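As you go down the protein sequences, you meet chains A and B in turn. Just so we're on the same page, the working numbering is the position in the first sequence counted from 1, plus 271. Just so we're on the same page, the working numbering is the position in the second sequence counted from 1, plus 300. The structure under discussion appears below in the form of structure tokens.
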Amino acid sequence: MFERALTQVKFNKDGDLLFSVSKDQVICVWFSQNGERLGTYDGHQGAVWTIDPNPSTSILASGAADNTIRLWEIKTGKLIKTWEFPTAVKRVEFSEDGEYLLATTEQRMGHLGTIVVFPINPDVHGEQATEPSLRITCTDSKATVAAWSYLSKYIIAGHEDGSISQYDAKTGEQLLNVPVHERGTLITDMQMSPDKTYFITSSKDKSAKILDVDNLKVMKQFVTDTPLNSAALTPKKDFVILGGGQEARDVTTTAARQGKFEARFHHKIFEDDIGRVRGHFGPLNTIAVHPAGTAYASAHGGTEYVHIRGVVESTIRVDTLVNTMLIVLCPIGGEDGYVRLHHFDKAYFDFMYEVERTRAQH
Amino acid sequence: TDLALESEASAHIIAARRRLLDEWRAWRAKVEEELTEERAEVGLRPFGAEDEEDTEGTKVIE
Numbered sequence: 272m273f274e275r276a277l278t279q280v281k282f283n284k285d286g287d288l289l290f291s292v293s294k295d296q297v298i299c300v301w302f303s304q305n306g307e308r309l310g311t312y313d314g315h316q317g318a319v320w321t322i323d324p325n326p327s328t329s330i331l332a333s334g335a336a337d338n339t340i341r342l343w344e345i346k347t348g349k350l351i352k353t354w355e356f357p358t359a360v361k362r363v364e365f366s367e368d369g370e371y372l373l374a375t376t377e378q379r380m381g382h383l384g385t386i387v388v389f390p391i392n393p394d395v396h397g398e399q400a401t402e403p404s405l406r407i408t409c410t411d412s413k414a415t416v417a418a419w420s421y422l423s424k425y426i427i428a429g430h431e432d433g434s435i436s437q438y439d440a441k442t443g444e445q446l447l448n449v450p451v452h453e454r455g456t457l458i459t460d461m462q463m464s465p466d467k468t469y470f471i472t473s474s475k476d477k478s479a480k481i482l483d484v485d486n487l488k489v490m491k492q493f494v495t496d497t498p499l500n501s502a503a504l505t506p507k508k509d510f511v512i513l514g515g516g517q518e519a520r521d522v523t524t525t526a527a528r529q530g531k532f533e534a535r536f537h538h539k540i541f542e543d544d545i546g547r548v549r550g551h552f553g554p555l556n557t558i559a560v561h562p563a564g565t566a567y568a569s570a571h572g573g574t575e576y577v578h579i580r581g582v583v584e585s586t587i588r589v590d591t592l593v594n595t596m597l598i599v600l601c602p603i604g605g606e607d608g609y610v611r612l613h614h615f616d617k618a619y620f621d622f623m624y625e626v627e628r629t630r631a632q633h
Numbered sequence: 301t302d303l304a305l306e307s308e309a310s311a312h313i314i315a316a317r318r319r320l321l322d323e324w325r326a327w328r329a330k331v332e333e334e335l336t337e338e339r340a341e342v343g344l345r346p347f348g349a350e351d352e353e354d355t356e357g358t359k360v361i362e
């Protein structure tokens, strides 16, 4: 059976564009305001796992099961560069200044997982480097996710064994490695705060945590009842959004009714569960928040539940917190793989705890 | 007395939240100050300063 589950969604820095990738090899770009499709980037020969637009929205990086990283000119869809590896590429991310790209590669018989860094030529017509400027080999446990800290000082990686590492981004030296999530449960997502001084991780251990990039100290934790695939921070409001659920083959309508696939909102500072947005009949794979904090995009797996397509277009209301306008963006290739874009309304922005109200910025 | 217990409990929760909020804000203030210093060392303005300048004089349409 064709699997078309969406694997990652990402906004560009201005938030006017939304990129999505899926297991069906297609990269799409959408106008985030109205859900109109702007174009596609065609060429990958396997499931596309990851994407990132650079800070100036000129170059898009993608990583896939065809063991390549590709760079695309965003405006024209033209392929700029292909880097090949012995194994799949699971995560790509540009540094804050767009001058470097990091990527994680899979572990496979005879190949350890690695984190590689390439210098990026901002000129879309110019030459790109052929070799990485840095290669970190993960000898203990492969990196499943990785991200840059502020000023590209550190590379932070989340591992299959639930630990998190801090590497010197210049030398690749491992400075810290701490057990953060339950031993042996893999880290599924890692997203930095806008200033890249702290980050949130999600894990199959059903929790999400916020850590300080400087010392990897756990600052906050959010405990749920379902394995998590994604976690995001919301600018403007002190919330986090978490999503997950069991794999598609274990999906039941009961699980959907029990809310296993809802996007859950927690208060970032108080940690409490404050609201939910009803999901699909399938696990929530990926969440991205608009850089201005005005909307979020999410995507579910669940390829078998095509019969609910007709009801997706309705507006969803949750706990008066997130009255969302839902745009069904992306029925990729047919019946499945929706990207859902939720715009926050006034109630969301007005929502405040009493202590936040009385202690409004002094 | 139930009411008294309840309000005592909620006073407790409110005090705890106030403490969490103060701790978070103190941590953020420290981190932001350090970031501003480190950015200055490499000739960069405080984080977000460029963005603010970009939108100066433009009207934000919601």
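Using N, Cα and C, we set each Cβ at its ideal position, and we do this for glycine too. Here the structure is a predicted model, which means the values were calculated and not measured.
- Inter-segment contact for the segment 391-400 of chain A and the segment 420-440 of chain A is absent: fewer than three beta-carbon pairs are separated by less than 8 Å.
- Here residue 533 of chain A is buried, its C-beta having at least 16 other C-beta atoms within 10 Å.
- Per DSSP, residue 621 of chain A is one residue of the alpha helix (DSSP H) stretching across 617-621.
- Contacts with chain B at 7 Å (Cβ-Cβ) include residue 468 of chain A.
- Residue contact check for residue 319 of chain B against chain A: no CB pair falls below 7 Å.
- Following the DSSP letters along the chain, one finds residue 548 of chain A inside the beta strand (DSSP E) bounded by residues 544-548.
- Minimum Cα-Cα distance from residue 362 of chain A among the listed residues A:350, A:346, A:340 corresponds to A:340.
- Taking CB atoms only, residue 535 of chain A has no neighbour in chain B less than 7 Å away.
- Contact between the segment 465-481 of chain A and the segment 439-447 of chain A is absent: fewer than three C-beta pairs spanning the two stretches fall below 8 Å.
- Straight-line spacing of the CA atoms in residue 307 of chain B and residue 541 of chain A works out to 19 Å.
- Residue 434 of chain A has its alpha-carbon roughly 23 Å from the corresponding atom of residue 322 of chain A.
- By the Cβ rule, the segment 610-630 of chain A counts as touching the segment 276-296 of chain A, because three or more pairs are nearer than 8 Å.
- For a cut-off of 8 Å, the C-beta gap from residue 281 of chain A to residue 559 of chain A is around 5 Å, short enough to register as a contact.
- In the DSSP annotation of this structure, the continuous segment of the alpha helix (DSSP H) that includes residue 303 of chain B starts and ends at 302-341.
- The segment 396-410 of chain A makes no contact with the segment 450-465 of chain A, as fewer than three CB pairs between them are under 8 Å.
- In this structure residue 353 of chain A is exposed. Its beta-carbon is surrounded by fewer than 16 other beta-carbon atoms within 10 angstroms.
- Below the 9 Å Cβ cutoff, chain B contributes 318, 321, 322, 325 as neighbours of residue 630 of chain A, in chain order.
- If you draw a straight line from the Cα of residue 337 of chain A to the Cα of residue 320 of chain A, it is about 10 Å long.
- Taking 7 Å as the cut-off, the Cβ atoms of residue 461 of chain A and residue 414 of chain A do not count as close.
- Taking every protein chain shown into account, the CB of residue 279 of chain A has 16 or more other CB atoms within 10 angstroms, so this residue is buried.
- Within the segment 340-392 of chain A, the complete beta strand (DSSP E) segments of 3 residues or longer fall at 350-355, 360-365, 371-376, 384-390, listed in chain order.
- In chain order, 317, 320 make up the part of chain B whose C-beta sits under 7 Å from the C-beta of residue 541 of chain A.
- For residue 609 of chain A, the secondary structure class from DSSP, reduced to helix, strand or coil, is coil.
- When Cβ-Cβ separations below 7 Å define contact, residue 416 of chain A makes no contact with chain B.
- In terms of beta-carbon proximity, residue 421 of chain A lines the interface with chain B, with at least one pair separated by less than 7 Å.
- Setting aside the 5 residues that flank it on each side, residue 382 of chain A is surrounded in the same chain by 357, 358, each with a C-beta closer than 6 Å to its C-beta; the list follows chain order.
- Residue 327 of chain A and residue 315 of chain B have their C-alpha atoms some 44 Å from each other.
- Its Cα nearest to that of residue 372 of chain A, the residue A:403 stands out among A:347, A:403, A:514.
- For the pair residue 513 of chain A and residue 479 of chain A, the CB atoms are nearer than the 7 Å cut-off.
- Think of a sphere of 9 Å around the beta carbon of residue 339 of chain B: the chain A residues whose beta carbon falls inside it are 421, 422, in chain order.
- Taking the Cβ atoms as the reference, residue 367 of chain A lies roughly 6 Å from residue 467 of chain A, within the contact range of under 8 Å.
- In this structure, the beta-carbon distance from residue 360 of chain A to residue 376 of chain A falls below 7 Å.
- In the three-state reduction of the DSSP assignment, residue 349 of chain B falls in the helix class.
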